[in-house]
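Trainee: The structure follows.
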Amino acid sequence: MKIFKMFSMCILMIIFLNACSLETTKTKSKILEIPNEDEYTTLLVQGVDEDGVTSQSTSKVITDINEIQAFIEK
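Note that the numbering used here has the sequence shown beginning at 257, numbered continuously upward.
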């Protein structure tokens, strides 16, 4: 019975330590440097659907200066 408890405790610790690894806490985001942010008057935002395909329905043209600045800030 002691061996079973030790084995269970080891397995539990391995699972716990694996869940807390550094690789899971890293973010996969990247900061995009946009030059001359104040000069944009029109912005074309292109998205993709669930299959990863672009289409007219997944794109949007932004011409409002306030929306463009808000989008760039994001």
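Cβ coordinates follow ideal geometry from the N, Cα and C atoms, glycine included. Computed from a predicted model, the values in this text were never measured in an experiment.
#1: For Ile290 versus Ile328, is the C-beta distance shorter than 8 Å?
#2: To the nearest angstrom, report how far apart Ser311 and Ile324 are at their CA atoms.
#3: What residues are listed by DSSP as bridge partners for Ser311?
#4: What would DSSP say about Leu288, mapped onto helix, strand or coil?
#5: Between Thr314 and Asp305, which are expected to be in contact by the criterion C-beta below 8 Å, what is the C-beta distance as a whole number of angstroms?
Mentor: Straight from the coordinates:
#1: Mapped onto the sequence shown, residue 290 falls at position 34. Mapped onto the sequence shown, residue 328 falls at position 72. Yes, Cβ-Cβ distance for Ile290 and Ile328 is below 8 Å.
#2: Counting from 1 along the sequence shown, the entry for residue 311 is found at position 55. Counting from 1 along the sequence shown, the entry for residue 324 is found at position 68. Roughly 21 Å between the two C-alpha positions.
#3: Here residue 311 is taken as the residue at index 55 of the sequence shown, counted from 1. Beta-bridge partners assigned by DSSP to Ser311: none are found.
#4: Residue mapping note: residue 288 aligns to position 32 of the sequence shown, counting from 1. Taken through DSSP and simplified to helix, strand or coil, Leu288 comes out as coil.
#5: Position 58 of the sequence shown, counted from the first residue, corresponds to residue 314. Position 49 of the sequence shown, counted from the first residue, corresponds to residue 305. 6 Å between Cβ atoms; contact.
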